[in-house]
Amino acid sequence: MTILVLNGPNLNLLGQRQPEIYGAETLADVEASCRRMGGELGIEVRCAQSNHEGQLVDWIQEARGTARGIVINAGAYTHTSVAILDALNAFDGKVIELHISNVHRREGFRHHSYLSARADGVIAGFGTHGYVLSIRHMAFLLAP
Ligand code: CA2
Numbered sequence: 204m205t206i207l208v209l210n211g212p213n214l215n216l217l218g219q220r221q222p223e224i225y226g227a228e229t230l231a232d233v234e235a236s237c238r239r240m241g242g243e244l245g246i247e248v249r250c251a252q253s254n255h256e257g258q259l260v261d262w263i264q265e266a267r268g269t270a271r272g273i274v275i276n277a278g279a280y281t282h283t284s285v286a287i288l289d290a291l292n293a294f295d296g297k298v299i300e301l302h303i304s305n306v307h308r309r310e311g312f313r314h315h316s317y318l319s320a321r322a323d324g325v326i327a328g329f330g331t332h333g334y335v336l337s338i339r340h341m342a343f344l345l346a347p
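Numbering follows my numbering, with no gaps: position 116 of the sequence shown is 319.
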């Protein structure tokens, strides 16, 4: 069983800037934790990050037929992208939307997500720990 963990724009900077908001772990740390948790659960976790909306759409399309679930932190595209919503709507598996920060405690423009209407669950404000929690929950959702 394969799960895809997708990260959007600027999340490649994790651990390098704004640690007070996004924590001290790097994206490589987070991805390694996700793969480790997947290993414990008998799940293959594939990770990818892009700053480009179309690339994220391409990966979501490719996940059709190859992955049973997608964990996505679409970054700022969360609040703007109908294209990513449409791609997720064409994906038959489970979807978890993830935010490192508690977007509801931040600026008003972060309070609306185009992706939440498709997500099976939303996790926000748990810091980078949210990623391993989302892998655990995905395993629960996909259990036979
Ligand atoms: O809290 C989250 O995970 C966000 O998805 C992060 C996005 C933001 O636009 C969303 O509203 C909430 C921004 C990602 C920026 O990532 C950085 C990480 C480290 C340093 C600078 C930016």
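Positions of the beta carbon are idealized from the N, C-alpha and C atoms, including for glycine.
What residues in its chain sit with their C-beta under 7 Å from that of residue i, if we drop five residues either side in the sequence?
i: Ile224; result: Ser304
i: Ser316; result: Thr281, His282, Glu300
i: Val233; result: Leu217, Thr331, Tyr334
i: Cys148; result: No answer is possible for residue 148: the residues shown for the chain start at 204 and end at 347.
i: Pro212; result: Asn254, Gly278, Ala279, Tyr280
i: Ala260; result: For the sequence presented, residue 260 should be read as Val rather than Ala. Once the five neighbours on either side are set aside, the close Cβ partners of Val260 are Ala286, Ile287, Ala290.
Excluding the five sequence neighbours on either side, which residues of its own chain have a C-beta within less than 6 Å of the C-beta of residue i, listed in chain order?
i: His340; result: none
i: Asn210; result: Gln252, Asn276
May I have the straight-line CA-CA distance separating residue i from residue j, to the nearest angstrom?
i: Thr286; j: Trp262; result: In the sequence on display, residue 286 carries Ala and not Thr. Near 12 Å, if we compare the C-alpha coordinates of Trp262 and Ala286.
i: Asn292; j: Arg239; result: 28 Å
i: Arg313; j: Ala231; result: 25 Å
i: Val321; j: Arg220; result: This sequence places Arg at residue 321; Val is not what is there. Spanning the two alpha carbons is a distance of roughly 30 Å.
i: Met204; j: Gly257; result: 26 Å
i: Ala342; j: Ile246; result: 8 Å
i: Thr269; j: Val325; result: 22 Å
i: Glu310; j: Ala327; result: 14 Å
i: Leu244; j: Ile206; result: 11 Å
i: Gly242; j: Ala346; result: 15 Å
i: Leu344; j: Pro222; result: 31 Å
What does residue i pair with, by DSSP beta-bridge criteria?
i: Gly272; result: Ile206, Lys297
i: Gly324; result: Ile299
i: Cys250; result: Val208
With distance defined between alpha-carbon atoms, name the residue in the options nearest to residue i.
i: Leu214; options: Ile273, Pro222, Gly268, Gly278; result: Gly278
i: Arg271; options: Glu310, Asn210, Glu228, Asp323; result: Asp323
i: Ser319; options: Gly328, Val298, Phe329, Ala346; result: Val298
Between residue i and the rest of its own chain, which residues show a CB-CB distance below 8 Å, the 5 nearest in sequence each way excluded?
i: Asp295; result: Arg267
i: Gly226; result: Leu217, Gly218, Ile303, Gly330, Thr331
If you pair each beta-carbon of the region 273-283 with each one of the region 300-307, do three or more pairs fall below 8 Å?
yes
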